[in-house]
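These notes concern the structure reproduced below.
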Amino acid sequence: GFCQAGKDLRLVSLCTEQIDIPAGFLLVGAKSPNLPEHILVCAVDKRFLPDDQGKNALLGFSGNCIGCGERGFRYFTEFSNHINLKLTTQPKKQKHLKYYLVRSSQGVLSKGPLICWKG
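Residue numbering for the sequence shown is 1 to 119, as defined by the UniProt record's numbering.
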């Protein structure tokens, strides 16, 4: 649940933190096979996420580490290594980026709707 710089990325730890993300990015939750009980918080360029019909996601990846603030990850493999998403298979963003994260009216970040990946 920690990035390479040792910063905590677990939703349970970050749910009340103010997280600055660039315009055009969304907070999403990633699941690691090694930490099934935790959701890791990631900032991902929404152009690389599907629309409501599960389509139109650009190929590739663009993400930032919300733990240490490192920006500009262009490959999901590189990003998953940075956030210590220990994967047993070839990392595919579709398999591991699971949820949109939403903030309640009280300001608490929580698991939102599933990301609808098709195909």
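Don't be surprised by glycine CBs; every beta carbon is placed ideally from N, CA and C. Note that this is a predicted model, so its numbers are computed, not measured.
Please state the DSSP three-state secondary structure of residue i.
{"i": "N81", "result": "helix"}
{"i": "H10", "result": "Checking the sequence shown, residue 10 turns out to be Arg, not His. The answer is strand: DSSP assigns R10 an E or B state."}
{"i": "R74", "result": "coil"}
{"i": "F61", "result": "coil"}
{"i": "K92", "result": "coil"}
Once the 5 residues before and after residue i are set aside, which same chain residues still bring their CB inside 7 Å of it?
{"i": "V102", "result": "S110 and G112"}
{"i": "Y75", "result": "F61"}
{"i": "L54", "result": "Residue 54 is actually Gly in this sequence, not Leu. Excluding sequence neighbours, G54 sits near C116, W117 and K118."}
Assuming residue i and residue j form a contact by the criterion Cβ under 8 Å, report the distance between their Cβ atoms to the nearest whole angstrom.
{"i": "I19", "j": "L27", "result": "7 Å"}
Using 10 angstroms around the beta-carbon of residue i, count the other beta-carbons present and answer buried if the total reaches 16, otherwise exposed.
{"i": "G107", "result": "exposed"}
{"i": "S105", "result": "exposed"}
Counting Cβ pairs, one atom from each stretch, are 3 or more of them under 8 Å apart for the stretch 84 to 92 and the stretch 62 to 70?
Inter-segment contact for the stretch 84 to 92 and the stretch 62 to 70 is absent: fewer than three beta-carbon pairs are separated by less than 8 Å.
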